[in-house]
Amino acid sequence: MIILYGIKNCDTIKKARRWLEAHGVEYRFHDYRSDGLDSTLLSGFIDALGWEALLNTRGTTWRRLDEARRSAVTDAASAAALMSEMPAIVKRPLLHAPGRPMLLGFSESSYQHFFDEV
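Counted from 1, the sequence shown has number 48 at position 40 by my numbering; the numbering is strictly sequential.
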């Protein structure tokens, strides 16, 4: 089963969901806020993609952090602690299809390419 991870009110998530539905792709949506982001799931994401890729340093959640809090994120453990506490700081969407590398972010061309290879 294909799973799309993110936060339901995110505009990029909405674009990804519209694309999936328009192309007839069956998927399950996992909302970090309502469905949770446990340490096992987060560790799997970090192992697959790296904490630097997962940490959304361009969003408002990151920008609202004070400088001391931002500079304390120096490795996977500190990044995971922050992402567990503030799931909105995880870059999204994250698309997972069994047996395939995860796809982080959204563009129509990257999704088309991803599903052309399935």
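Beta carbons are placed, not taken as given, at the ideal position from N, Cα and C, and that holds for glycine.
Problem set entry | Pairwise C-alpha distance: A87 and A105 | 24 Å
Problem set entry | Whole-angstrom C-beta distance between Y13 and P101, which should lie under 8 Å | 7 Å
Problem set entry | Contact check, I10 vs L103, beta carbons under 8 Å | yes
Exercise. So F6 is in the alpha helix (DSSP H); what residue range does that whole segment cover?
Worked result: Nothing can be reported for residue 6, as the shown portion of the chain is limited to 9 through 126.
Problem set entry | Completely contained beta strand (DSSP E) runs for the segment 83 to 108, where each covers 3 or more residues | Here the runs fully enclosed are 102 to 104.
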